[in-house]
Amino acid sequence: MYKLRMQSTNGVQENIGKIQSLFPDCVTETIDERTGELVRKVDFEKLQQNLSAVIISGREERYQFTWPDKKKAILLANSPVNAALRPCREESVDFDNTQNLYIEGDNLDVLKCLKETYLHKVKMIYIDPPYNTGNDFVYEDDFAESSAEYLANSGQFDEQGNRLVTNTESNGRFHTDWLNMIYPRLKVARDLLTDDGVIFISIDDNEYETLTMLCNEIFGETCFVTDIAWRSADSSNNDAKQFSADFNHTLVYSKKPFWQPYKLARSEKNNEHYKNPDNDPRGPWFSGNLSSPHPRANLTFDIVSPNGTVIHPPKNGWRWSKEKIDEFIAKKEIVFSDDQTRIIKKTFLADQGGIVPSNIWCDLEETGHNRNAKYELKKLFPEFSTYQLFSTPKPTRLINKILRISTKEDDIILDFFSGSCTTADSIFQVNVEDGGRRRFIMVQLQERRSEGNDVPDICSFGKERIRRAGKKIREDSPLTTQDLDTGFRVLKLDSTNMEDIYYTPKDISQANLFSLVDNVKPDRTAEDLLFQVMLELGATLDSKIATEVVSGKTIYNVADGYLVACFDKDVTDEVVTTIAKMHPLYAVLRDTSMATDSTATNFEQLFKTYSPDTVTKIL
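Sequential numbering from 40 applies to the sequence shown in the numbering used here.
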């Protein structure tokens with residue numbers, strides 16, 4: 040329902056709309072200098088050129104892709120974030136053993152938090168971002184203000200605290216809003232990919248063109264792999280005004296050029312044209328194409344059969360050189376027909392391996408459809424009616440296929456618009472199929488569902504789906520899921536754990552290093568501090584964490600000695616000595632933790648004695 044304007048029509052914008060209907064290329068988007076709002080504007084130079092039969096001199100022409108605030112979007116992508124990821128054990132499943140992560144918070148800030156630790160570690164990214172349809176939201180960001188200032192001043196929160204701004208039909212569904220949202224997220228995400236990594240992005244027609252240009256800029260045109268056409272509807276919409284939208288795009292870009300997908304397993308349908316009419320001991324085969332795809336003079340030659348019959352080349356010539364054909368004949372991979380008037384190239388099934396994936400995915404049984412995806416959710420959440428569930432979720436069959444062609448058993452998969460967590464569900468399924476140990480990182484901004492919808496908020500729904508999907512797959516396949524990791528650690532984005540206390544190097548000496556005022560916020564726990572330290576020192580957030588209590592103080596051992604930390608106060612020589620004797624790569628304590636001046640003085644000497652290679656850090 041739209042609110043009444045309670046004001047007269049904007050004549051200027053009305054006239055611009057009329058010009059746009061006649062000359063759509065002459066209307067663009069810009070920022071109103073008076074209001075700071077995004078508005079449509081006539082490109083008068085282009086309009087003049089459209090109305091002139093001669094070339095109109097103007098500004099220098101160049102090939103470029105730009106939009107209002109692009110520079111700010113670039114700056115936003117590169118600016119640091121002062122935030123922390125706080126663990127939430129009570130919402131996690133198998134917190135101490137799982138390697139899966141669910142992170143709640145603005146995905147741009149989360150991606151920046153992950154960047155150093157997960158740089159070049161993510162094999163595949165799948166995202167299903169907002170499509171800019173007029174009903175979905177865009178994430179708003181500000182490059183100049185701190186997160187706290189911005190969130191307090193921007194007025195983006197609704198009564199439930201949702202950080203959302205709807206990009207509605209009333210403001211023209213501006214491309215700029217959407218581009219400013221998606222650009223910095225894709226730019227940061229690219230850095231997380233391995234050199235052989237790849238990203239899949241689902242999108243519909245609204246922003247397909249702009250997303251393609253954006254990805255060409257971020258990833259490079261040479262890293263464009265394909266546009267997968269996925270049939271998303273199981274039936275056409277006869278109420279459509281123009282065409283029934285029956286498919287979605289899935290843009291595929293790689294980190295480096297010339298990425299190749301893994302081949303798919305062969306099906307009976309793939310093999311049905313392989314026969315063995317001559318009982319060849321090498322098994323079934325079919326006759327391959329012998330003709331060159333393009334005219335080649337050097338491949339145009341006659342072949343003489345054993346009985347002397349001359350076999351003339353096809354119109355474009357043979358597919359191979361004479362030397363290669365002679366080699367095939369010697370190996371009996373090329374044989375002569377019974378009447379010796381033609382040659383047959385045997386392509387054996389045993390030599391084929393898997394199937395190269397197509398970029399047209401229209402088999403509803405293989406990749407599912409939107410209605411199928413809703414049925415999947417309904418099975419997991421029988422207490423909710425269909426209309427209460429997500430309107431256009433993705434089916435697990437679609438994500439399963441993406442996983443098969445882009446990942447191996449131990450890869451990390453990231454989805455930073457995780458929504459209903461189809462990706463996590465799919466990873467469980469594919470891991471069961473091939474015995475893999477793929478790990479996921481799900482990221483989702485906290486949002487409340489639509490008004491009147493009593494389904495839990497999107498993060499609670501996503502986490503519950505992972506729990507139920509994990510339980511179901513274990514119940515369905517008890518013999519093959521004994522070692523399957525169906526747990527996940529929940530982390531929540533928050534402001535930094537540190538107080539706004541800063542010291543310049545000249546203010547700090549070894550003598551007073553442990554005597555400064557406490558710089559940790561009073562509501563933060565030792566585990567909060569540990570996870571922030573893990574990120575800073577490069578320990579992955581799924582690392583095993585062991586604890587040991589010495590003299591009443593808790594010592595955390597991360598990744599079997601990669602990092603050892605103690606955040607308790609009044610730490611004694613005994614505790615410091617214990618940590619040093621563990622020979623960690625990094626050792627971390629709070630700067631106010633030493634029990635006595637003597638312990639503070641002995642700190643460095645104890646490490647020099649017992650673990651001289653340890654890098655000591657103070658929080």
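Where is the CB? At the ideal position from N, CA and C, for every residue including glycine.
query	result
List the DSSP bridge partners of Asp266.	Leu290
For the beta strand (DSSP E) containing Lys592, name the first residue and the last one.	Lys592 to Val597
Looking at the structure shown, is Cys65 part of a helix, part of a strand, or coil, going by DSSP?	helix
Residues in the same chain with beta-carbon distance under 6 Å from Glu643, minus the five sequence neighbours each way, listed in chain order, please.	none
What is the DSSP secondary structure of Val132, reduced to helix, strand or coil?	strand
Which class does Trp217 belong to by DSSP, given the choice of helix, strand or coil?	helix
On a CA-only basis, which of Lys354, Gly259, Glu143 and Leu530 is nearest Phe297? Give me that one, please.	Gly259
Contact defined as beta carbons within less than 8 Å: I believe Tyr141 pairs with Met481. What is the distance between those atoms, to the nearest angstrom?	5 Å
Looking at Ile342 and Ile383, is the spacing between their C-beta atoms short of 8 Å?	no
How far does the beta strand (DSSP E) with Arg528 in it extend, from its first residue to its last?	Arg528 to Ser534
Please return the same chain residues whose Cβ sits closer than 7 Å to the Cβ of Glu415, not counting the five positions on each side in sequence.	Pro434 and Thr435
Looking at the unbroken alpha helix (DSSP H) that takes in Ala565, where does it start and where does it end?	Ala565 to Leu576
Can you tell me whether Gln52 is helix, strand or coil according to DSSP?	helix
Secondary structure at Asp454, three-state DSSP: helix, strand or coil?	strand
Just checking my contact of Ile444 with Lys162 at CB under 8 Å: how many whole Å lie between their CB atoms?	At roughly 12 Å, the Cβ-Cβ gap does not stay under 8 Å, so Ile444 and Lys162 are not in contact.
Between Val237 and Ser293, which are expected to be in contact by the criterion C-beta below 8 Å, what is the C-beta distance as a whole number of angstroms?	5 Å
Could I get the ranges of all uninterrupted alpha helix (DSSP H) runs contained in the region 367-402, with 4 residues as the minimum, in chain order?	none
Please give me, in chain order, every unbroken run of the beta strand (DSSP E) with length at least 3 that falls completely inside the region 285-349.	286-293 and 324-326
Which of helix, strand or coil does DSSP assign to Pro517?	coil
Only counting the same chain, and skipping five residues up and downstream in sequence, which positions put a Cβ closer than 6 Å to that of Gly475?	Glu448
For the candidate residues Trp269, Thr74 and Gln281, whose alpha-carbon lies nearest to that of Ile399?	Trp269
Taking 8 Å as the threshold (C-beta atoms), are Ala604 and Val627 in contact?	yes
What are the boundary residues of the alpha helix (DSSP H) that Cys254 is part of?	Tyr247 to Ile257
Report the three-state DSSP secondary structure of Asp181 (helix, strand or coil).	Residue confidence is low: Asp181 scores 43 on pLDDT, short of 50, so the model does not pin down where it sits. No coordinate-derived value is stated.
Over the uninterrupted beta strand (DSSP E) stretch that includes Leu419, give me the two end residues.	Segment Asn409 to Leu419 is the alpha helix (DSSP H) holding Leu419; no beta strand (DSSP E) there.
The beta strand (DSSP E) with Leu628 in it runs from where to where?	Tyr625 to Leu628
If you compare alpha carbons, which of Asn277, Phe387 and Phe263 is closest to Gly327?	Phe387
For the alpha helix (DSSP H) containing Lys110, list its first residue and its last residue.	Lys109 to Asn117
For Glu613, which three-state DSSP category applies?	helix
Count the C-beta pairs between the region 452-468 and the region 504-523 that are closer than 8 Å, then say yes if the count reaches three, no if not.	yes
What does the alpha-carbon distance come out to for the pair Gln468 and Cys498?	21 Å
Looking at Leu124 and Leu530, is the spacing between their C-beta atoms short of 8 Å?	yes
Sort Ser360, Asp317 and Asn346 by Cα distance to Leu338 and report the nearest one.	Ser360
Using 8 Å for Cβ pairs, my map puts Ser271 next to His408. What's the rounded Cβ distance?	6 Å
Mind checking His288: buried by the 16 CB within 10 Å criterion, or exposed?	buried
Between Asp524 and the rest of its own chain, which residues show a CB-CB distance below 7 Å, the 5 nearest in sequence each way excluded?	Thr137, Gln138, Asn139 and Arg476
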